[in-house]
Each structure stands twice: as C-alpha cells, then as structure tokens.
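Chemist: Here the sequence shown is numbered in our numbering, starting from 30 and rising by one per residue. Beta carbons are placed, not taken as given, at the ideal position from N, Cα and C, and that holds for glycine. Given the structure is predicted, the values throughout are model-derived calculations rather than measurements.
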Amino acid sequence: MAAEKKLKITLIKSTIGAVPKQVATVKSMGFKKLNSSVVLPDNSATRGQIQQIRHLVKVEEM
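#1: For Leu-36, I'd like the list of residues in its chain whose CB is within less than 8 Å of its CB, leaving aside the five on either flank, ordered along the chain.
#2: With a CB to CB cut of under 8 Å and the five nearest residues on each side skipped, what residues in its chain are close to Ile-41?
#3: If we require 3 or more residues per run, which beta strand (DSSP E) segments fall completely within the stretch 40 to 78?
#4: Out of curiosity, what's the CA-to-CA distance linking Ser-73 and Arg-83?
#5: With burial defined as no fewer than 16 other Cβ atoms inside 10 Å of the residue's Cβ, what is the status of Ile-45: buried or exposed?
Here it is as structure tokens:
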C-alpha cells in the first residue's frame, strides 16, 4: 500500500482586499491566522483550491 502524498500549505499573505470567494476558500482549507499551516492530501480537489488562492499561499510537498 503506497503512502498517501500530503501537501503542507502556509498562508503567507492576508485576505484583506481579496475577493469573497478567495476568503471563503482560505477558511474552508482550515487557515486561522496569517503564517498558519495546514497539511492536506494531495488530490485534485486540494490542487483546485490552491489554484484559486495561489497568490496567498506557499505549498510544500511532504
């Protein structure tokens, strides 16, 4: 059984002034504060969310 790939995503820019859809995406991914990180599975749904807010986050593969 192969280990599931994970992504460590860090919020590096504020959502002040962002489009409401982008703010909702940030909240749905589990970010609480600036510079907080979440670990999510590497799948197409997560990649789509990252694409929506790519200018606000930093992504690292684990």
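Modeler: So, to answer that:
#1: The residue labelled residue 36 in the question sits at position 7 within the sequence shown. These residues qualify, in order along the chain: Val-68, Leu-69, Pro-70, Asp-71, Thr-75, Ile-79, Val-88, Glu-89, Glu-90 and Met-91.
#2: Indexing the sequence shown from 1 puts residue 41 at position 12. Result list for Ile-41: Leu-63, Asn-64, Leu-85, Val-86 and Lys-87, in chain order.
#3: 66 to 70
#4: Here residue 73 is taken as the residue at index 44 of the sequence shown, counted from 1. Here residue 83 is taken as the residue at index 54 of the sequence shown, counted from 1. If you take the alpha carbons of Ser-73 and Arg-83, they lie about 15 Å apart.
#5: As a working note, residue 45 is residue 16 in the sequence shown. The residue in question, Ile-45, is exposed, as its Cβ has fewer than 16 Cβ neighbours within 10 Å.
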